[in-house]
Amino acid sequence: MEPVTLEHDDALIIADMQHDFLPGGSLAVPEGDVIIPLLNQYMARFEAGNLPVFATRDWHPANHCSFVQQGGIWPPHCIAHTPGADFHPALNWPPGTHVISKATAQEKEAYSGFEDTALDSLLSALGVRRLFIAGIATEYCVLQTVKDALRKGYRVFVLEDGVRAINLQPDDGAQAIQEMRQSGAHLIDYGRLQP
Ligand code: VGL
Ligand code: ZN
Numbered sequence: 001m002e003p004v005t006l007e008h009d010d011a012l013i014i015a016d017m018q019h020d021f022l023p024g025g026s027l028a029v030p031e032g033d034v035i036i037p038l039l040n041q042y043m044a045r046f047e048a049g050n051l052p053v054f055a056t057r058d059w060h061p062a063n064h065c066s067f068v069q070q071g072g073i074w075p076p077h078c079i080a081h082t083p084g085a086d087f088h089p090a091l092n093w094p095p096g097t098h099v100i101s102k103a104t105a106q107e108k109e110a111y112s113g114f115e116d117t118a119l120d121s122l123l124s125a126l127g128v129r130r131l132f133i134a135g136i137a138t139e140y141c142v143l144q145t146v147k148d149a150l151r152k153g154y155r156v157f158v159l160e161d162g163v164r165a166i167n168l169q170p171d172d173g174a175q176a177i178q179e180m181r182q183s184g185a186h187l188i189d190y191g192r193l194q195p
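UniProt numbering applies: residue 1 is where the sequence shown begins, and numbers increase by one.
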């Protein structure tokens, strides 16, 4: 992969860095917290370039259909307005970071940050054409957000060192990376970003 230089039509999307998805949370992503310092470095680069940063968050009602009690596959997690749904406090969000709440409807699962949110219209209004995407979980929110972004015509860079997987099956994360690459996403890491 070639070096990548940030351009005026770039934006950063960081997926779901919430307590319940981090070690100690109800649906912890292994090593989910390990990427926080790196995500702060990525955010600092976008802030320095005056480029927009978006934070998605899972923001479920207490009886969301994805929870086991309602026949879903997940333990209750990221219930709106509870501490488990808060972002980890060590993240240095730039002033003006756009927060996108997703999967807010009781009867519908939604992993993608684009599903029933204002994300696409905000990006369009800002003239964004290239998206840099990191966060958790690789094979759910990150994968579906990346695939939606590609379908909508964005050029997509997945920050491979800034994602972590749940891995219900041991290679779910690796397979998701493959799927993103095959769908047309570029995989990069921090070392590829030119100063
Ligand atoms: C997610 C599991 C359950 C995600 C959301 O957005 O990655 N994963 N709910
Ligand atoms: Zn969820």
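Don't be surprised by glycine CBs; every beta carbon is placed ideally from N, CA and C.
According to DSSP, is K102 helix, strand or coil?
Strand.
Beta-carbon spacing of V68, Q194 below 8 Å:
No, these two residues do not count as a Cβ contact at 8 Å.
Could you name the residues of the same chain whose beta carbon sits closer than 6 Å to that of D58, not counting the 5 residues immediately before and after it, in chain order?
Excluding its 5 nearest sequence neighbours in each direction, D58 has C-beta neighbours in its own chain below 6 Å: D16, C78, A103, listed in chain order.
Might you give, ordered along the chain, the residues of its own chain that have their beta carbon closer than 6 Å to the beta carbon of D33, omitting 5 neighbours on each side?
Closer than 6 Å at Cβ, skipping near neighbours: L22, P23.
F54, DSSP secondary structure in three states:
Strand at F54.
Exposed or buried, what is H60 when buried is set at 16 or more other beta-carbons lying within 10 Å of its beta-carbon?
So H60 ends up on the buried side.
Would the beta-carbon of P94 fall within 8 Å of that of V53?
Between P94 and V53, the gap from beta carbon to beta carbon is short of 8 Å.
Beta-carbon separation of E31 and R155 under 8 Å?
No, the pair does not count as a contact, with Cβ atoms beyond the cut-off.
When you compare only the Cα positions, how much space is there between A134 and L39?
If I take the Cα positions, the gap works out to 8 Å.
Is there at least one non-hydrogen atom of the ligand VGL closer than 7 Å to the beta-carbon of C141?
At least one heavy atom of the ligand VGL is nearer than 7 Å to the Cβ of C141, so yes.
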